[in-house]
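Everything in the sequence shown is counted per numbering that gives the first Met the number 0, starting at 0 for the first residue and increasing by one.
All C-beta atoms in this analysis are idealised placements derived from N, C-alpha and C, irrespective of residue type, glycine included.
From a predicted model like this one, the values you see are computed outputs, not experimental measurements.
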Amino acid sequence: MPFQQAPPALGNQYEDDSVLRSYLRRSIPTDVLREIEPTLVEMGKLAGGELYQMQLADRLNEPTLTQWDAWGNRIDRIELTPLWRVAERIAAEHGIVATAYEQKHGRFSRVHQCALAYLFTPSTDIYSCPLAMTDGAARTLLASGNRALIERAMPHLTSRDPKEFWTSGQWMTELTGGSDVGASETIAKPDSDLTRNSEPETRNWLLYGRKWFTSAATSQIALTLARPEGNPAGGRGLALFYLEMRDEHDRLRNISIDRLKDKLGTRKVPTAELTLNGTPAQLVLGTTDGVRNVAPLLNITRLWNGISAVSLMRRSLALALDYSHKRSAFGAPLSEKPLHMDTLAGLQAEAEGAFHLAFLVAELTGRAETGEIDEEQTLLLRLLTPLMKLTTGKQAVAVVSEALEAFGGAGYVEDTGLPMLLRDAQVLPIWEGTTNVLALDALRALGADDQAFLALKTEVSRCLSSIHDQRLDEPARTVRSALAHAESWLAEARQAGTPTLEAGARRFALTLGRGLELALLCRHAQWARENENENGSTDAARRFAASGIDVIGAGDL
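This is the structure:
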């Protein structure tokens, strides 16, 4: 009988994920974990079963834009794929946004939410994108204190009813620049016919301009930047606006969808170019400082970016490991080939380091949202958000690429569904700030007094202080050495001047990110050895330590 190759398969993605389950046992009180675990088991079942099978069946479908109806009327209607329509319902019903705001478990609610998103994301073709922006919009509106907008939008943004659930867009990128949002050319004019003599915050405004890259263009609302007429150039002159895309008759509110983007990956995400021609909008908070006021949104979407990165790494490795037991070469299954399994173990170490860093930011975010955070942790969160995003984004591309290689030619063939993982991973170092932009953000987060750096050193010391397993001694020394080198480099680069400091910012930031990942891995490995009699995390920490933590380089000054 001719040979037939069995494809890789997935089981319950919560029950099969020893890293996630071990982390939750360490970081969440037993009674809380007991309450939330059924939701994770259910999401894991969906992710490895119904959603994954639907994802494979939906592979060739993409969103479509119909600009005109049969009678010549401009309608600009985007049709989503079947998988995305199901994903929206499941996301609402399982409270993937709502969980963080219902606060049933206080600061642990954010970790619970991120665990749900981690399981959900890789089976839904980046439906995490609109969810991230929705979460960010909700956090931004709450931070603004704008009661009218909070009362209008929050019940929808955090609803578990699919019929009531809204998602939000995030419209900032224009032709003038992506990360350089201060160059925005969108203009806001007071709607004088409706709001004459009213205060700016209560006026209706009309927006005019082009948005070059608006993801999830089917959302009900969006937060966007625009420059009120007469305001100065640059980021200070921008204001943050709230708008609803369609009126009560389901017609776009002076918005033209010019085209959908033809992207390398995330092809299920309906990313559009839009023209605003007098689109009604309302100020979120003041007529200036829009870039500063949108920061809560960016912090949340950067957290989601990191969670998405570790989830795609996990998915690629889950498939590769299963395949290693089903594919034979040179007389034995790949799972019995030392070199093959050594390669996968190295990738697993990278993924575990990234996982612990992303979920540390989730923990700190949860503390900040409940007011259970001190000044030192606040500084640490401000520094770690860009560090985590840039570090995990680069790791995701490398890990997923290598995991596809573990399938040989099958990893390069589209109808296996595997290449999509790599294409989707490639967006993670780009969206929500490129690696270089975030490295400069991290430098700014350090400030002139380096209190954030001190907070990072304290966190690392806290992680390493619990270690007494001799097998972790060398990884701990690697962390301390990398951190000391980073600190000395920072002092010397500052003396050398801004060009030197900025030129080395990327390698400096990656050293901090990877160093903290290793410290977190060591802490968890010690805990797992003592509480679960498990050595896998220790092996991962030792491998990760040998993979290159200090990437500053001797020639950087």
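Per DSSP, the bridge partner or partners of residue i
| i | result |
| --- | --- |
| N276 | Y207 |
| S167 | I220 |
| W575 | Outside the displayed span of the chain (0 to 556) sits residue 575, for which this structure offers no information. |
| P332 | S327 |
| R422 | R422 pairs with nothing; no bridge assigned. |
| F240 | T223, L282 |
| E251 | Rather than Glu, the amino acid found at residue 251 in this sequence is Leu. Paired residues: R245. |
| A187 | L206, P227 |
| R258 | E272 |
| R76 | T65 |
For residue j and residue i, believed in contact at Cβ under 8 Å, the rounded distance
| i | j | result |
| --- | --- | --- |
| L273 | K210 | 5 Å |
| H104 | H111 | 6 Å |
| L363 | L379 | 7 Å |
| T185 | E173 | 7 Å |
| V96 | L130 | 6 Å |
| G392 | P418 | The pair is not a contact, with the Cβ atoms about 19 Å apart (cut-off 8 Å). |
| G285 | S218 | At roughly 24 Å, the Cβ-Cβ gap does not stay under 8 Å, so G285 and S218 are not in contact. |
| F358 | C113 | 7 Å |
| P121 | R326 | With a Cβ gap of about 21 Å, P121 and R326 do not count as contacting. |
| P7 | L318 | 4 Å |
| G514 | I551 | In fact, because the Cβ distance is near 11 Å, the residues do not count as touching under 8 Å. |
| L500 | A438 | Not a contact, Cβ separation roughly 10 Å. |
| M565 | L118 | This structure does not reach residue 565, given that the chain is present from 0 up to 556, and the question cannot be answered. |
| E431 | N304 | 5 Å |
| A527 | S536 | 5 Å |
Where residue i falls: helix, strand or coil (DSSP)
| i | result |
| --- | --- |
| K325 | coil |
| Y13 | coil |
| L338 | helix |
| F212 | strand |
| E173 | strand |
| R106 | coil |
| D160 | coil |
| T369 | coil |
| E228 | coil |
| P6 | coil |
| K267 | coil |
| P81 | helix |
| V290 | helix |
| E36 | helix |
| S400 | helix |
| E374 | helix |
| M0 | coil |
| T433 | coil |
| N298 | helix |
| D440 | helix |
| S178 | coil |
| A405 | coil |
| L55 | helix |
| L356 | helix |
| H155 | helix |
Residue environment, residue i, which counts as buried when at least 16 other CB atoms sit within 10 Å
| i | result |
| --- | --- |
| G208 | buried |
| A490 | exposed |
| V412 | exposed |
| S17 | exposed |
| K162 | exposed |
| D160 | exposed |
| A137 | buried |
| S480 | exposed |
| M0 | exposed |
| R106 | buried |
| R443 | exposed |
| S108 | buried |
| A56 | exposed |
| G410 | buried |
| D472 | exposed |
| W67 | exposed |
| R476 | exposed |
| F329 | exposed |
| P154 | exposed |
| N263 | The identity of residue 263 in the sequence shown is Leu, whereas the question assumes Asn. Exposed. |
| Q347 | buried |
| W70 | exposed |
| F406 | buried |
Every unbroken alpha helix (DSSP H) within the region 469 to 535, with a cutoff of 4 residues, ordered by chain | 472 to 495, 497 to 502, 504 to 531
At which residue ranges does the region 86 to 134 contain complete alpha helix (DSSP H) runs of 4 or more residues, listed in the order of the chain?
-> 98 to 101, 107 to 119
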